[in-house]
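Counted the way the numbering used here counts, the sequence shown spans residues 57 to 714. In this text, a Cβ means the ideal position worked out from N, Cα and C, and glycines have one as well. Take a look at the structure below.
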Amino acid sequence: MHHPLVPTSRDDPGTPRSSIGVLLRGVLVFLFLLLATVATLSWWVRTDPGILWLRSSPSGDWIRTSDPIELRSRPAERTLAEFRLPLDNLGPVPERLGIDVRTLGTAVLYVDGQRVGRLQRPPDRWRESMHFDLVTTGAHELRILAINRSGPAVLQVTSSSPGVGTGPHWEGRSAGSDWSPAARVQDRLANPDGEQFGTTFQATRRAAPWLLTVFLLAALAQAWYSGFNQGSLPELTPQGLRWLALGSLSALGLHNLLTIPLHIGFDVQAHYEYLAATRDGFLPAPNAGWQTFQSPFFYLIAGILGRLTSPLGSELSMRSLRLLTLAASLGQIELAYRAGRVVFPSDAGRQKLTILVVAGLGMNLYMGQYVGNEPWAGVLGAILVVRCLWLLQDPRRGAGPWEAVLLGLIAGLAILTKVSALLLLGPALAVLAVLSLRQPRPRRLRALLFTTLPFLASVGLVCSWFFQRNWLLTGKLLYTINADVEWWQDPGYRTLEQMTRFGTALKTPILASSQGFWDALYSTLWLDGSISSALFEGSPPWNYDLMLATAWLSLIPTIGLVLGILFALAPERRKILSLPFAALTLLLYAIAILLLYIRLPIYTTAKASYALALAPLIGVLAASGLGLLLRGRWIRIVTWAGVVTWALTSYLSYWALW
């Protein structure tokens, strides 16, 4: 029987005629998109005063104290740091020393203990410096007190006099600490809380017997099926792998249901408070709690389950809600199976790789182990993107009003679960536009109107009431708690180095998000680098040796993902559009997370779980790229063994220890 999601076209986008040529064209397209993005972001950060982008100059760095990263959120209250420079260490100093001072709040200048000036700018004019002419006759020390109410106390001093500009030769201290060399803002923050879990090298050495055993067994199994089996044993099919993955994840979730403490999870206590407020069937006001601004669909469903299980007692009832997020994680594996069949209809190998990548995807594994709305928003969004893959796969397929209505209903439910799903409207509308262009020229405009309008109408029908309610209760369509509660986290600013460096996630991935954008995405995509935001109450009972070992093993699916994106972006005639759709949608989400990362300069901003809806797309792209390595016998054996070792190690990392 023909599967409803599998296209009748047998074209397979995973087998190019010339892989190297296709990849080179993909690299060129990617570089063009990268340059366009960089140029746009550069203009944005230079012109928007709300972006705290700190740039050093040859005559002075932005500096801060060398204190380690503070992981807790901070209320809007005064942050003070004091910096000093012994002037008599610089050699001859002119009698009148000119300096320019910048800070994010207020700066008070002292020369030999005597106050000589004060800098204070409105928040939107923080880029402006103030010039001071200091009389240095007999002066031995320049000291500056930096004060900020809602961010870090940082300082920049520039001067035409050599050695006066701020840099590591200055000293700094915060309240209650001793003087120590100042740190440049672009330097990596000390992260003792993350380093206490050890390094990936230590963990991999301890887990080496397990890793080598699994790798050798997987390699022997692949070698057997590649050359020696001769049909004596049935090979595991994509359908069989799908049921194996579903059963394994079900066992993991049921084991963890009673094992993981209730405090584990991102803002989990706030989610429970939201659910408690819905017990009587009424939604709390958006500003009634820390998470009550969230879209309500998940909480309404969870509230029904909570009422049904209330006779079991408070704790068991709360634990039973994890079954909902587990179901969402299971849904991602089912959708990965279907996405693989859609994109690679005649390639069982890539179908299995798609399933394996999603089954071992760290963010899907750990997010499904505790209560929150993210997994449900993810699985609803994943249904939408897999449906879009199906529509795009067959070049002859179009879309009518009813198909558009179906897409709109799915998108509306995703938005009603988490507002971030609004980002999926763009890719969905692009798909409808492409399908309209497949019509004969005279019918294209009509087809576009008869699909986009029903799509938008059905989206509005499902979720517009939520935004209207926000407007009536708060005066804002999109309300967040930040509108009423002012708070911040380290680092509190952005630098170019935070956007370009990478590597901490491969050495000490726990809380590596404090070091930069790419470390943040990598450490939360492939493993629980944020330890589910539960450091202070007690970290999750994961198997940390195995989890840290996956940091290096995850380079295998990462290489596949990069190759898959480059292959998908390569322009080709008569190319199936499902993979380009997957690549462009993934890049869209990456840019959206990057924009949020720049706008909100705190270490918890960049979480890969915001893109949980794209798990099936990550699977098909990684499978497409890894599939390029399956042509030679020995490289095929090594690739399969590596993927299996990574997926199984990632899975067992979240088998909670008692």
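Asked	Found
For Thr121, does the count of other Cβ atoms within 10 angstroms reach 16, so buried, or fall short, so exposed?	buried
Around the Cβ of Phe338, are there at least 16 other Cβ atoms within 10 angstroms (buried) or fewer (exposed)?	exposed
Would you call the region 439-454 in contact with the region 667-685, where contact means no fewer than 3 C-beta pairs closer than 8 Å?	yes
Helix, strand or coil for Leu314 per DSSP?	coil
Mind checking who His187 pairs with in its DSSP beta bridge?	Asp156
Based on the DSSP secondary-structure assignment, which residues constitute the bridge partners of Pro142?	Glu197
Using a 10 Å radius around the Cβ and a threshold of 16 neighbouring Cβ atoms, would you call Arg158 buried or exposed?	buried
For Ser236, does the three-state DSSP call read helix, strand or coil?	strand
To test your reading of the DSSP string, which unbroken beta strand (DSSP E) runs of 3 or more residues are found completely within the region 68-136?	118-120
My output table needs one value for Trp543: the three-state DSSP class, helix, strand or coil.	strand
Pull up the distance between the alpha-carbon of Gly572 and that of Arg240, whole angstroms please.	15 Å
Does the pairing of the region 421-436 with the region 395-403 give three or more beta-carbon distances under 8 Å?	no
Nearest CA to the CA of Ile119: which residue from Arg174, Ala307 and Pro224?	Pro224
Does the beta-carbon distance from Ala678 to Thr256 come in below 8 Å?	no
If we count the other Cβ atoms within 10 Å of its Cβ and call it buried at 16 or more, is Ser709 buried or exposed?	buried
Please go through the same chain and pick out, in chain order, the residues whose beta-carbon is closer than 6 Å to the beta-carbon of Lys663, but skip the five residues on each side of it.	Thr580
For Thr211, which residues does DSSP report across the bridge?	Per the sequence shown, the amino acid found at residue 211 is Leu instead of Thr. BP columns for Leu211 point to Ile119 and Thr159.
Taking one C-beta from the region 195-212 and one from the region 154-168 each time, how about it: are there three or more such pairs within less than 8 Å?	yes
Do Ala358 and Thr348 come within 8 Å of each other at the CB atom, strictly closer than that value?	no
Return yes when the Cβ of Trp432 is within less than 8 Å of the Cβ of Thr473, no when it is not.	yes
Taking the alpha-carbon positions, what's the His59 to Thr530 distance?	Low confidence applies here, because His59 scores a pLDDT of 37, under 50, leaving its location unreliable and the question unanswered by this model.
Hey, could you find the ends of the beta strand (DSSP E) Gly173 is sitting in?	Gln170 to Gln176
Under the three-state reduction of DSSP, which class applies to Val700: helix, strand or coil?	helix
Give me whichever residues DSSP pairs with Ala202 in a beta bridge.	Ala137 and Ala163
Could you pull out every residue in the same chain whose Cβ sits closer than 8 Å to the Cβ of Ser476, ignoring the five residues on either side in sequence?	Ala433 and Tyr666
Please classify Glu133 as buried or exposed, where buried requires at least 16 other C-beta atoms within 10 Å of its C-beta.	exposed
Using the rule of at least 16 other Cβ atoms within 10 Å of the residue's Cβ for burial, across every protein chain shown, is Pro294 buried or exposed?	buried
Out of curiosity, what's the CA-to-CA distance linking Ser216 and Pro483?	52 Å
Report the rounded CA-to-CA distance for Leu693 versus Leu685, giving the unit in angstroms.	Here residue 693 turns out to be Ile, not Leu, going by the sequence shown. Ile693 and Leu685: Cα-Cα distance of roughly 10 Å.
Buried or exposed for Ser706, please, with buried defined as at least 16 other CB atoms from any protein chain shown within 10 angstroms of its CB.	buried
For the structure I just gave you, are there three or more beta carbon pairs, one from the region 592-609 and one from the region 631-643, closer than 8 Å?	no
Is the beta carbon of Gly681 less than 8 Å from the beta carbon of Ile612?	no
Out of curiosity, what's the CA-to-CA distance linking Ala712 and Ala333?	30 Å
Tell me the DSSP secondary structure of Val62 in three-state form.	Its pLDDT being 35, under 50, Val62 is placed unreliably by the model, and the measurement read from it follows with that caveat. Correct three-state label for Val62: coil.
Please list the terminal residues of the continuous alpha helix (DSSP H) segment that includes Glu390.	Arg378 to Val399
Mind checking which residues open and close the alpha helix (DSSP H) that includes Glu227?	Not the alpha helix (DSSP H): Glu227 falls in the beta strand (DSSP E), residues Glu227 to Ser230.
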